[in-house]
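Chains as they are written, first to last, in UniProt numbering: chain Z, 1 to 197; chain C, 1 to 197. Yeah, the Cβ is synthetic: ideal placement off N, Cα and C, and Gly gets one too. Worksheet for the structure shown next.
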């Protein structure tokens, strides 16, 4: 058992080295050789963990979404939707030293997935999960009679989800313009705008 | 004069070849050699147009924003804000065969700009211009007394801008989910939600 744990931990360390290379030098420089060097491993020993660059990329991209899912799982929900929903969506927003690098790497993999079919499959799965989160948010607001009547659910799901991803990319690119405070105000304002007064 | 025009036209053709390479095979494959091949030019003759890969990237990224600006300049505005604003923001959304490839390439350059300081400068300029467009939209709605009273302008600017960029990236990644009709409904619904009934 400890060996399996070590193996998984080591894979995560390699993936985190891949994240650092991608953030510092771009996807173009994220070769197995450069990632091995960043991780302090020989190219040969990388084969213990990943059989190909493609497998390493897949694992490194997936690790981002797993970290997000883990944070969501660990939220201590209060049961008050208007408190819980902002906390929930904050887990997918780049607001601190852990989540800003994650989001940068995620966008790099998303763009890479446009010309990489394996990564595209993973990206679609994560996109489906994310959209499902907004389906549940709008559904919960409606069930608790908090949502405005006559909302077009499909449109509100897309609008909330797009807002959060737009804020995420703007926060990564212009943290000096789109501050943490502005992001939180925008999320709260959006929630308020789809709810009864 | 014709020579200068030809030279500019040829540069645009090379940049469009760069777009195609980036879309097909990713930024990693967008070497001067591969772009020359796609453009039907020798690597040697590429030097007539661009002195370096960096200059070629800069020009190719800038061309995307110039195409957007040209479309905006050519809009026949009606003077009715609630008609004109959706038409305006549609120019930065990937809704057709011209604008979908543009947006894909734009996102690839945005990610590249995270590890490329020259592209980062250009990206910030375009981001400033885009944000200014939303400043003007919210200002115009307020001046014409169409906006809801008591809006927090700064937040509404960020919220509208983030929504549009979020819709743009979702439309590029999942056109089968986020259809043209849904995008247009989301934009109209957003506009309605910040305006008086």
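From residue i to residue j, what does the alpha carbon distance come to, in whole angstroms?
| i | j | result |
| --- | --- | --- |
| residue 108 of chain Z | residue 173 of chain Z | 12 Å |
| residue 117 of chain C | residue 80 of chain Z | 44 Å |
| residue 45 of chain C | residue 31 of chain C | 15 Å |
| residue 47 of chain Z | residue 28 of chain Z | 21 Å |
| residue 7 of chain Z | residue 49 of chain Z | 7 Å |
| residue 53 of chain Z | residue 53 of chain C | 26 Å |
| residue 96 of chain Z | residue 102 of chain Z | 10 Å |
| residue 150 of chain C | residue 139 of chain C | 13 Å |
| residue 119 of chain Z | residue 137 of chain Z | 27 Å |
| residue 162 of chain Z | residue 4 of chain C | 43 Å |
| residue 190 of chain Z | residue 126 of chain Z | 23 Å |
| residue 67 of chain Z | residue 40 of chain Z | 23 Å |
| residue 43 of chain Z | residue 55 of chain Z | 15 Å |
| residue 110 of chain Z | residue 124 of chain Z | 10 Å |
| residue 57 of chain Z | residue 23 of chain C | 19 Å |
| residue 113 of chain Z | residue 147 of chain C | 40 Å |
| residue 83 of chain C | residue 144 of chain C | 14 Å |
Identify the contact partners of residue i in chain C, using a Cβ-Cβ distance below 8 Å as the criterion.
| i | result |
| --- | --- |
| residue 201 of chain Z | The requested residue 201 of chain Z does not occur in the structure, where chain Z is confined to residues 1 to 197. |
| residue 189 of chain Z | 152, 155, 156, 159 |
| residue 48 of chain Z | Simply none; closest approach about 25 Å. |
Give the interface partners of residue i over in chain C, defined as CB-CB distance under 9 Å, in chain order.
| i | result |
| --- | --- |
| residue 164 of chain Z | 162, 166 |
| residue 104 of chain Z | 111, 114 |
| residue 7 of chain Z | Within 9 Å Cβ-Cβ: nothing; residue 7 of chain Z doesn't reach chain C, min ~29 Å. |
Use the C-beta contact count for residue i: other C-beta atoms within 10 angstroms, 16 or more gives buried, fewer gives exposed.
| i | result |
| --- | --- |
| residue 166 of chain C | buried |
| residue 153 of chain C | exposed |
| residue 170 of chain Z | buried |
| residue 182 of chain Z | buried |
| residue 76 of chain Z | exposed |
| residue 156 of chain C | buried |
| residue 51 of chain C | exposed |
| residue 78 of chain C | exposed |
| residue 99 of chain C | buried |
| residue 196 of chain C | exposed |
| residue 9 of chain Z | exposed |
| residue 21 of chain C | buried |
Starting from residue i, find everything on chain C with Cβ-Cβ shorter than 7 Å and list it in chain order.
| i | result |
| --- | --- |
| residue 174 of chain Z | 127 |
| residue 178 of chain Z | 158 |
Interface residues of chain Z around residue i at Cβ under 9 Å?
| i | result |
| --- | --- |
| residue 140 of chain C | Correct list: empty, because the minimum Cβ distance to chain Z is about 20 Å. |
| residue 182 of chain C | 154, 155, 158 |
Taking C-beta pairs closer than 8 Å, name the residues in chain Z that residue i reaches, listed in chain order.
| i | result |
| --- | --- |
| residue 62 of chain C | Within 8 Å Cβ-Cβ: nothing; residue 62 of chain C doesn't reach chain Z, min ~17 Å. |
| residue 185 of chain C | 152, 155 |
Given that residue i touches chain Z, what residues does it touch there, using C-beta distances under 7 Å?
| i | result |
| --- | --- |
| residue 137 of chain C | Result: empty, since nearest Cβ-Cβ is about 15 Å, beyond 7 Å. |
| residue 243 of chain C | This structure does not reach residue 243 of chain C, given that chain C is present from 1 up to 197, and the question cannot be answered. |
| residue 4 of chain C | Going along chain Z, no residue has its Cβ under 7 Å from residue 4 of chain C, so there is no contact; the nearest lies around 33 Å. |
Let me check you understand the geometry: is the CB of residue i closer than 7 Å to at least one non-hydrogen atom of the ligand FMN?
| i | result |
| --- | --- |
| residue 57 of chain C | This structure lacks the ligand FMN; in fact it carries no ligand of any kind. |
query: Any contact of the region 174–182 of chain Z with the region 182–190 of chain C, i.e. 3+ C-beta pairs under 8 Å?
result: Result no; under three Cβ-Cβ pairs closer than 8 Å.
Review point. According to a CB-to-CB cut-off of less than 9 Å, which residues of the region 18–44 of chain Z neighbour chain C?
Key: Listed by position, the residues of the region 18–44 of chain Z near chain C (Cβ gap below 9 Å) are 22, 23, 24, 25, 26, 27, 28, 29, 30.
**OP:** Could you name the residues of the region 148–159 of chain C whose beta carbon sits closer than 8 Å to any beta carbon of chain Z, in the order they occur along the chain?
**Re:** So the close ones are 152, 154, 155, 156, 158, 159.
Does the region 13–21 of chain Z come close enough to the region 30–49 of chain Z that 3 or more CB-CB pairs lie under 8 Å?
These segments touch.
query: Counting pairs of Cβ atoms below 8 Å between the region 97–108 of chain Z and the region 61–70 of chain Z, do you hit three or more?
result: The region 97–108 of chain Z, when compared against the region 61–70 of chain Z, does touch it at the 8 Å Cβ threshold.
Notebook entry, point to check: Would you call the region 66–75 of chain Z and the region 84–101 of chain Z in contact, with 3 or more CB pairs under 8 Å?
Noted result: In short, these stretches touch, since the Cβ pair count reaches three.
ask   = Are the region 130–146 of chain Z and the region 82–89 of chain Z touching, with three or more C-beta to C-beta distances below 8 Å?
value = By the criterion of at least three beta-carbon pairs nearer than 8 Å, the region 130–146 of chain Z is in contact with the region 82–89 of chain Z.
message: By the 7 Å beta-carbon criterion, what residues does the region 68–101 of chain C contribute toward chain Z?
response: Listed in sequence order: no entries.
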